[in-house]
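Here's the structure, in structure tokens; my notes come after.
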Amino acid sequence: MNLDQIFESAQEAFLFYKNLPGKEKAAFLRKIAEGLEAVKHELIPVACGESNLPEGRITGELGRTCGQIRLFANLVEEGSWVEATIDHADPNRAPAPKPDIRRFLTPLGPVVVFGASNFPLAFSTAGGDTISALAAGCPVIYKAHPAHPETSRLVGQVIQKAVIDSALPLGLFTHVEGGIQTGQDLAKHPKAKAVAFTGSHSGGMALFALASQRPEPIPVFAEMGSVNPIFTFERKLGKDIAGYAKAFIGSLTLGAGQFCTNPGLIFVPKSLQKEFAEAVKNELEDIAAAPMLHEGIADAYYAAIQYLQGREELEWVKISAAKDLIKAHPTLAKIKAKDWLKDAKFQEEVFGSFALMVVYESEDELLEIAKKLHGQLTITIWAEEEELNNKLYLINLLEEKCGRMLYKGVPTGVEVGFAMQHGGPYPATTDSRSTSVGVYAIKRFARPIAFQDMPDILLPDALSEKNPLGIWRMVDGEFKK
Numbered sequence: 001m002n003l004d005q006i007f008e009s010a011q012e013a014f015l016f017y018k019n020l021p022g023k024e025k026a027a028f029l030r031k032i033a034e035g036l037e038a039v040k041h042e043l044i045p046v047a048c049g050e051s052n053l054p055e056g057r058i059t060g061e062l063g064r065t066c067g068q069i070r071l072f073a074n075l076v077e078e079g080s081w082v083e084a085t086i087d088h089a090d091p092n093r094a095p096a097p098k099p100d101i102r103r104f105l106t107p108l109g110p111v112v113v114f115g116a117s118n119f120p121l122a123f124s125t126a127g128g129d130t131i132s133a134l135a136a137g138c139p140v141i142y143k144a145h146p147a148h149p150e151t152s153r154l155v156g157q158v159i160q161k162a163v164i165d166s167a168l169p170l171g172l173f174t175h176v177e178g179g180i181q182t183g184q185d186l187a188k189h190p191k192a193k194a195v196a197f198t199g200s201h202s203g204g205m206a207l208f209a210l211a212s213q214r215p216e217p218i219p220v221f222a223e224m225g226s227v228n229p230i231f232t233f234e235r236k237l238g239k240d241i242a243g244y245a246k247a248f249i250g251s252l253t254l255g256a257g258q259f260c261t262n263p264g265l266i267f268v269p270k271s272l273q274k275e276f277a278e279a280v281k282n283e284l285e286d287i288a289a290a291p292m293l294h295e296g297i298a299d300a301y302y303a304a305i306q307y308l309q310g311r312e313e314l315e316w317v318k319i320s321a322a323k324d325l326i327k328a329h330p331t332l333a334k335i336k337a338k339d340w341l342k343d344a345k346f347q348e349e350v351f352g353s354f355a356l357m358v359v360y361e362s363e364d365e366l367l368e369i370a371k372k373l374h375g376q377l378t379i380t381i382w383a384e385e386e387e388l389n390n391k392l393y394l395i396n397l398l399e400e401k402c403g404r405m406l407y408k409g410v411p412t413g414v415e416v417g418f419a420m421q422h423g424g425p426y427p428a429t430t431d432s433r434s435t436s437v438g439v440y441a442i443k444r445f446a447r448p449i450a451f452q453d454m455p456d457i458l459l460p461d462a463l464s465e466k467n468p469l470g471i472w473r474m475v476d477g478e479f480k481k
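Numbered by UniProt numbering, the letters in the sequence shown go through residues 1 to 481 in order.
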């Protein structure tokens with residue numbers, strides 16, 4: 001089937017599926033989760049073999065994938081996510097009568113989803129992008145990631161079986177394989193209405209440019225990486241240097257540093273730099289080199305470190321060994337804040353277990369750092385409450401640079417829920433108003449539409465006067481059910 005046929009089939013499916021009741025969409029999503037669990041004994045070994053990830057990690061990722069599918073099923077079954085809003089008419093209003101206006105969120109249409117390399121299940125074929133698009137009412141044309149093709153095929157077959165078992169149009173989900181040209185053709189197709197992508201900055205921006213140059217531009221929701229800085233303060237860090245060093249290294253090296261939320265940047269006060277560096281070095285001694293997802297990622301990791309080794313501003317706390325097949329050796333370098341501020345290269349993500357420790361001398365330096373900091377998925381602050389009492393300006397600056405701010409713990413471990421925000425200002429993503437994790441992700445694939453003085457019989461159920469869906473709605477300025 002060529003791309004024109006694929007998109008034509010997806011468009012036909014859309015015109016049927018978008019009007020499907022939430023309960024039927026929910027039943028379809030649950031069939032996907034059940035299908036994944038039914039093939040787990042076949043799926044897990046395949047995913048492990050293709051990704052170099054351990055069985056425990058893949059098993060956990062499968063659980064997360066099924067959990068988020070069911071979370072979206074519950075969301076669409078309840079139905080209030082469409083933000084139904086009703087302003088009743090007032091024909092007696094002066095000086096002009098008030099019309100009846102009703103608005104809600106309606107799905108965009110066929111969505112192109114690109115799989116991620118670092119999460120072969122949770123951010124791939126049946127991952128958050130695919131499921132949130134299907135939940136919103138959009139067909140999905142899925143572009144498989146070449147790093148784990150067989151895993152993707154298996155999951156794609158599960159989704160296609162759920163489509164058939166639910167008596168839904170076959171064009172609702174299509175699995176596509178191919179290279180860069182195929183991806184470009186998908187993004188440029190006139191019937192595509194949105195693109196979702198998780199991967200490199202270059203890949204995300206290439207898709208963004210293509211989508212912007214189309215005769216009909218479409219949104220690209222691209223997550224393109226982050227160094228997820230941790231800001232440490234003297235009193236807090238000084239209370240337990242060894243403990244914080246352990247937490248930092250544990251987060252940095254989790255999954256060989258191949259999580260989008262691994263902290264690749266940490267700001268440490270000058271008074272504690274030697275103690276913290278020593279504690280971190282001690283932790284790194286116990287961390288073994290871990291396999292990366294594939295050779296291409298390992299090559300990029302070591303190439304980035306080799307470049308940084310040529311920078312005189314850096315002092316190496318723990319230097320990486322020479323490339324060991326595809327294993328990542330954890331690496332940490334140190335730099336003065338005044339040198340870090342001079343070159344944006346020091347903000348670029350090194351995908352893997354590499355971090356840069358930036359030593360600052362004053363609050364003024366911290367303010368300059370906050371002003372120069374690029375957009376991030378997360379920013380973490382380790383400080384006593386009293387240390388932040390007079391830091392409101394700094395906090396305000398940092399809030400403008402991230403999608404999620406943590407005041408304890410580490411940024412790895414992204415909760416899938418109602419309040420999660422997994423996105424951030426550019427260059428972390430192309431659209432800081434959206435998230436790729438949590439139920440709010442459904443809003444990416446819907447748009448508002450209003451109906452004015454529309455007869456009740458023609459209105460969507462979500463806006464019908466009698467509220468047959470029983471959902472929460474904003475009616476004349478008040479939430480009602």
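All C-beta atoms in this analysis are idealised placements derived from N, C-alpha and C, irrespective of residue type, glycine included.
Residue i classed as buried or exposed, judged by whether at least 16 other C-beta atoms fall within 10 angstroms
i	result
glutamate 365	buried
alanine 96	exposed
arginine 444	buried
tyrosine 393	exposed
isoleucine 180	exposed
serine 212	exposed
serine 51	buried
proline 215	exposed
lysine 408	exposed
aspartate 129	buried
glutamate 295	exposed
arginine 311	exposed
tyrosine 170	Residue 170 is actually leucine in this sequence, not tyrosine. Counting Cβ neighbours within 10 Å, leucine 170 comes out exposed, since fewer than 16 surround it.
methionine 1	exposed
When the options are compared against residue i, the one with the closest alpha-carbon
i	options	result
isoleucine 326	Leu314, Glu24 and Ala303	Ala303
methionine 224	Glu12, Ser432 and Ile6	Ser432
glutamate 399	Pro219, Pro468 and Thr380	Thr380
glycine 22	Pro107, Pro149 and Gly60	Pro107
glutamate 315	Asp324, Ala333 and Ile69	Ala333
glycine 424	Val437, Gly115, Gly137 and Ala300	Val437
phenylalanine 114	Ile69, Lys274 and Phe197	Phe197
glycine 257	Trp340, Thr412 and Ser353	Ser353
aspartate 165	Ala192, Leu463 and Glu24	Glu24
serine 48	Leu458, Pro149 and Phe7	Per the sequence presented here, residue 48 reads as cysteine, with serine not at that position. Considering only alpha carbons, the answer is Pro149.
alanine 167	Gly470, Glu384, His145 and Tyr17	Tyr17
glutamate 61	Ser124, Ala279 and Ala13	Ser124
Coarse secondary structure for residue i, derived from DSSP in three states
i	result
lysine 391	coil
tryptophan 472	coil
tyrosine 301	helix
tyrosine 307	helix
leucine 332	strand
alanine 450	strand
cysteine 138	coil
isoleucine 101	strand
residue 482	Outside the shown range of the chain, which is 1 to 481, sits residue 482, and nothing can be said about it.
alanine 290	strand
histidine 175	strand
isoleucine 319	coil
aspartate 87	strand
cysteine 66	helix
glycine 403	strand
methionine 420	coil
phenylalanine 479	strand
proline 269	strand
glutamate 223	strand
Residue j beta carbon less than 8 Å from that of residue i
i	j	result
alanine 10	proline 139	yes
alanine 222	glycine 238	no
phenylalanine 119	glycine 127	yes
isoleucine 44	isoleucine 58	yes
serine 251	valine 410	yes
glutamine 376	proline 229	yes
leucine 154	valine 163	no
leucine 36	valine 158	yes
histidine 88	tyrosine 142	no
valine 439	leucine 71	yes
threonine 412	phenylalanine 259	yes
alanine 245	alanine 289	no
leucine 29	alanine 73	yes
Distance between beta carbons of residue j and residue i, contact taken as under 8 Å
i	j	result
isoleucine 335	leucine 356	6 Å
alanine 84	arginine 447	Not really, about 14 Å apart at Cβ, beyond 8 Å.
proline 330	leucine 388	Proline 330 to leucine 388, Cβ: 30 Å. No contact.
isoleucine 101	aspartate 476	That pair is no contact at about 11 Å.
serine 226	alanine 441	Their Cβ separation, rounded to whole angstroms, is 17 Å, which puts serine 226 and alanine 441 out of contact at 8 Å.
isoleucine 297	serine 117	7 Å
alanine 344	valine 82	At roughly 42 Å, the Cβ-Cβ gap does not stay under 8 Å, so alanine 344 and valine 82 are not in contact.
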